[in-house]
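Engineer:
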Amino acid sequence: MERSPKRRRFLKSTAVIGIAASAGCLSAGQSSSDGPATDDETPASGDRTSPTADPTATAESLTPPDDLDEWLADANGYTGRPARFGAGDRPTIRVGEPVDDALAFAPAVIEVPPMTKVRWDWTGHGGQQNVVALDGTFDSGRTNAQAGTEYHYVFEDTGEYPFVSEPHRDEGMKGAVIVREPPSTGNETVDMWLRDADNFEGEIADRTDAGTVTIETGTELNNGYFGFEPPVLKISSGTRVEWNWSGVAPHNVVFQNADIHSGKVRDDAGVHFQHTFEESGTYRYACQPHRGLGEKGAIIVE
Ligand SMILES: [Cu+2]
């Protein structure tokens, strides 16, 4: 049940490569994954040569916050939980998404593993926009109002990278890319399967002493009621597992590597499916309609 909001410490980026705006050309082979720590203070403005349309937006005024969560509290369109992406994903952030009379980045906050290429796509809403990291790590340069404009950056080092659209930063148009090593249980099959499940933190709920275990189905996760809780369960063979529907949104339970499934989706509350696991192994399952949203789970049977 370790679902407490992660305490995020703002990590100052050690990257001084921000101005290589076409960072798509940075190659994986060139950087050590540990990201050698440098004692140098990242130059706040020296590397920023890109002109900006807003003369009041100076490099000094873009200062990384001490507390990212606090800074994001008024980010338009942010629900408080980052959208998570796994290795090999290519996240796209829309620039200028209309949200309640305001403009947002969508998703505003994403979580990605190192070496992820993140793309920003201009929607054309809200006039002039750009994408600028507060610590100067990346900068799309001059503002642009054109739909279809795109910018991308490859994040090599772990850390937290808050960014804004300079013309709208005082109106809450801000976001962050959080780069971190993906959580791991030590079981590669489980880690890969759950890489985009919001509640997967690399923990295994050990219920090997239980006769029956309940998995909550349709819990508030993955930007809606699209989660299984706990996401990873370890049980002994002979244990009965039951799935308890929250009653919000239609769900089912379908195993990927075994002929076990609950059948049709249901949206009423209650225990609608159960299975007793006799054979040891690593089992993966998902809710079929919401698998793409990260509604997935795993069961390790000993
Ligand atoms: Cu579902």
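Heads up, our numbering is the position in the sequence shown plus 508, with the first residue counted as 1.
Glycine included, C-beta positions come from ideal geometry on N, C-alpha and C.
Predicted model, so just to flag it, every value in this text is computed and none were measured.
1) Pairs of beta-carbons, one from the stretch 774-782 and one from the stretch 744-764, closer than 8 Å: are there three or more?
2) Would you mind working out which of P739, K682, N730, T716 sits nearest E578, comparing C-alpha positions?
3) Measuring alpha carbon to alpha carbon, tell me which residue in F613, T624, T657, K804 is nearest A794.
4) The alpha helix (DSSP H) spanning E728 covers which residue range?
5) Among residues of its own chain, excluding the 5 on either side of L611, which ones have a beta-carbon nearer than 6 Å to its beta-carbon?
6) What would DSSP say about T697, mapped onto helix, strand or coil?
7) By Cβ distance, which residues of its chain are closer than 6 Å to G585, with the 5 residues on each side in sequence left out?
8) How about H759: is its Cβ closer than 7 Å to a heavy atom in ligand 1?
9) Whole alpha helix (DSSP H) runs in the stretch 636-703 with 4 or more residues, listed along the chain?
10) So with Cβ pairs under 8 Å, would you call D717 a contact of chain C?
11) Return helix, strand or coil for H780, following the three-state DSSP convention.
12) How many Å lie between E711 and N638 at the Cα?
13) Quick check on this structure: which residue in S745, S744, V749 has the alpha carbon closest to the alpha carbon of F736?
14) Do H633 and ligand 1 come close, with the Cβ less than 7 Å from some heavy atom?
15) Counting only the same chain and skipping the five closest in sequence on each side, list residues whose C-beta sits under 8 Å from that of W753.
16) Quick one: what does DSSP say G789 is sitting in, helix, strand or coil?
17) Please work out which residues of its chain come closer than 6 Å, Cβ to Cβ, to A705, disregarding the five sequence neighbours upstream and downstream, and give them in chain order.
Structural biologist: On the basis of the data shown:
1) Remark: three or more beta-carbon pairs, one from each stretch, lie closer than 8 Å, so the stretch 774-782 and the stretch 744-764 are flagged as touching.
2) Nearest to E578 by C-alpha distance, out of P739, K682, N730, T716, is K682.
3) Per the Cα distances, K804.
4) For E728, no alpha helix (DSSP H) run applies, since DSSP gives it neither H nor E.
5) Taking C-beta separations shorter than 6 Å and ignoring five residues to either side along the sequence, the partners of L611 in its chain run G604, G634, H676, M681, following chain order.
6) Residue state, collapsed to three classes: helix.
7) Apart from sequence neighbours up to five positions away, the residues of its chain that approach G585 with a beta-carbon distance below 6 Å are V607, A612, A614, A616, ordered along the chain.
8) For ligand 1, at least one heavy atom lies less than 7 Å from the Cβ of H759.
9) The qualifying runs are 696-701.
10) Protein chains in the displayed structure number just one, and chain C is not present.
11) Looking at H780 - three-state DSSP - the assignment turns out to be strand.
12) Per the coordinates, the alpha-carbon of E711 lies some 38 Å from the alpha-carbon of N638.
13) Ranking the options by Cα distance to F736, first place goes to V749.
14) Checking every heavy atom of ligand 1 against the Cβ of H633, none is found closer than 7 Å.
15) Cβ contact annotation for W753 (same chain, cutoff 8 Å, sequence separation greater than five): T725, G726, H759, R774, D775, D776, A777, G778, V779, H780, in chain order.
16) It is a strand residue.
17) Excluding positions up to five away in sequence, the list reads P739, G802, K804.
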